[in-house]
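Before any comments, here is the structure.
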Amino acid sequence: MSFRNQAALISRLQEIAPVFEQVLRAGGAPGASICVDINGSAVFRLNLGIKNISKQQPPNSDTLYGVASVTKTFTASGIALLVDDGKLAWDTPIKLLLPEVDLQDPDVSQKVTILDLLTHRTGMGVSNQWWYGAQGDLLIKDSETVRYFNSLPQVEAFPSKFRYSNWNYDLLGKIIEKTAGVPYGQFIQAYREEGGQLKEHTHPKSPLKLVRKQLGCHVVRSNESQPLRGYGFGSTYITLPNTLGFGCNSNYYSPMPTVSAGDGHPVVIRGHGGSMAGHTTTFALIPEDEIAVVALTNSIGLADPTDWIVTALLETLLDSPEKHDVVECAKTAAAAHTTSTQKMQEKVDEERRVKKEEGEWKGPRPLEEYVGLYKFSLSDFVIGIHLDEKNEELEIRFQNLASQAWRLKHHIGDTFVWMDSRDEQAKRARFTYSAANVFKIVFRQSGEGTIDGLSWPQEGGLSEDKQVFANKVESVATDEVARARI
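The numbering used here applies: residue 1185 is where the sequence shown begins, and numbers increase by one.
Below you can see the structure in the form of structure tokens.
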């Protein structure tokens, strides 16, 4: 693929600049920064909206954004450097590096390797709800990572097909720290290139030496009739023509746009998305042509504006024969995201209505019978159930923290839901695209008929009886200060 007429390309990018502003507006994100880099030079930069609402300050190319899961690429690069240094091997069992690893399946404990973590093949639970709370609070301490990793359920047989999990890369970060002997952030900073030189001269080797290995396709996610799609080490591998879908847009827009190259060139895209309640990022690389594009926003927005922006950038760069109307895509996805929680609530209401019509609906017990502290059977994660006497309703507190309290509304029998409106979840900086099962709490009764536990089926693909908070406990630490903030 040739980009000799770079001036014409830049002109095309400038022509579609208004599109990005419309996408940003549709997605409701306050500000964004966009960049296209070719052969090591930034040929297109665009900063939109505002970075600080109260001060009405616009972003610029030096504005700092959170990148969330894009850090998986950094982590994979860090592991590659340690492999190149001879301190690690791709097939090193993680238990040799972290002896405290003691998974639910002892056989899996011995077999899981660095490669399995990098490619999300452990088959273990995802359980994002364990660590990410309202207001961006971390619900577990950094020192508790391995212990909680040990308690993750084995959802699929090991080695499994691709099952994306943040826990895998958290553990890789611990391996970097243990092997390098320095904190993760310090290690990554040491290998940042600045002006062609390493910022800290702690390593004589190039951080890109094993980049071909890192960017390869190590776990296939497509079937034989489709263009190859898979995952490398910290990046998605996509052969065009194909959909991108780095973020959550596929939850709200279907079918996703198919991106293709205008000259039939068999282009392979590598990239990743990242999102937390305060920011969303998407980047894409075409390494063979030395092209990189990135879009960053300072809010999670409605659906994922950065994914639509990167789609438009790639279609322009590749001169795609069909250029999709990403503004309409963004509007449609945003509308679907806006009503998604309401639709989940409507399904809950319909289920209750049907049960009443069939005579199978039961009211709750006296609310005080549900009150107590419930501990997960495989870890120290605690759910507190409290009675709000003023409003005569229950309240659920994750890790029994007041900052993580939500109203618990009765559904059927001993089942309750803590689903609040999408807007309320957004105000409290929670992810606003959780599945319906996350909001469900099923209290369990003993042989004597008293409440002695609950199920929280937050792990998709795993039955309720394997997600049990089995025992009421007398007390638990509620020190909010002990919980780190993101």
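We put the CB at the ideal spot given by N, CA and C, even for glycine.
Under the three-state reduction of DSSP output, P1202 falls in the helix class. Inclusion of F1653 and L1323 in the CB contact set at 8 Å is not warranted, their separation being larger than that value. Taking all protein chains in view, the Cβ of K1362 is surrounded by fewer than 16 other Cβ atoms within 10 Å, so the residue is classified as exposed.
Fully contained in the stretch 1593–1632 are the following beta strand (DSSP E) runs of length 3 or more, in chain order: 1599–1601, 1624–1629.
Cα atoms of L1551 and L1571: separation of roughly 7 Å, rounded to the nearest angstrom.
Taken through DSSP and simplified to helix, strand or coil, N1575 comes out as coil. Cβ-Cβ distances below 7 Å link G1556 to I1569, K1656 in the same chain, with the five nearest sequence neighbours on each side left out; the list follows chain order. DSSP links R1454 through a beta bridge to Y1421, L1469.
For R1229, the uninterrupted beta strand (DSSP E) run begins and ends at 1225–1233, by DSSP. Beyond the five residues adjoining it in sequence on each side, I1422 comes within less than 6 Å, by CB distance, of R1413, I1453 in the same chain, given in chain order. Under a 10 Å Cβ-count criterion, K1345 is classified as exposed, with fewer than 16 other Cβ atoms of the shown protein chains found around its own Cβ. Assignment of beta-bridge partners to H1463 by DSSP yields M1460.
For H1456, the closest of A1260, R1229, I1194 by C-alpha to C-alpha distance is A1260. The DSSP-derived three-state label of K1559 is strand. In this structure P1641 touches Q1651 by the C-beta definition: roughly 5 Å separates them, less than 8 Å.
If you ignore the 5 residues before and after V1511, its C-beta comes within less than 7 Å of the C-beta of V1203, Q1206, V1207, A1210, all in its own chain and listed in chain order.
Counting only the Cα atoms, L1428 lies some 8 Å from P1441. The beta-carbon distance between T1297 and T1329, rounded to whole angstroms, is 18 Å. This is too long to meet the 8 Å contact definition.
Residue range 1510–1541 is occupied by the alpha helix (DSSP H) that includes D1533, with no beta strand (DSSP E) assigned at that position.
According to DSSP, residue pairing for A1589 in a beta bridge involves R1581. K1239 and G1215 have their alpha carbons spaced roughly 13 Å apart. The alpha-carbon of A1620 is positioned some 12 Å away from that of D1533. In the DSSP secondary-structure assignment, K1656 is bridged to Y1558.
In the displayed model, N1236 falls within a strand according to three-state DSSP.
In this structure S1217 is in contact with P1243, their Cβ atoms being roughly 5 Å apart against a cut-off of 8 Å. Beyond the five residues adjoining it in sequence on each side, M1528 comes within less than 6 Å, by CB distance, of A1620 in the same chain, given in chain order. In this chain, R1305 is not harboured by any alpha helix (DSSP H), its DSSP state being neither H nor E. Under the Cβ criterion (8 Å, minimum of three pairs), the stretch 1468–1486 does not count as touching the stretch 1271–1290. Excluding five sequence positions before and after S1605, the CB atoms of its chain that fall closer than 7 Å to its own CB belong to T1525, given in chain order. Only residues of its own chain outside the window of five on either side were considered, and among them Y1436 have a CB closer than 6 Å to the CB of A1520, listed in chain order. V1366 carries a coil assignment under DSSP once its states are collapsed to helix, strand and coil. Going by C-alpha positions, I1635 is about 21 Å away from A1589. The alpha carbon of S1327 has as its nearest neighbour, out of D1300, F1342, E1284, the alpha carbon of E1284.
When only Cα atoms are considered, D1246 and A1192 end up about 26 Å apart.
Straight-line spacing of the CA atoms in N1575 and C1401 works out to 55 Å.
Within the DSSP secondary-structure output, G1414 pairs in a beta bridge with V1404, Y1421.
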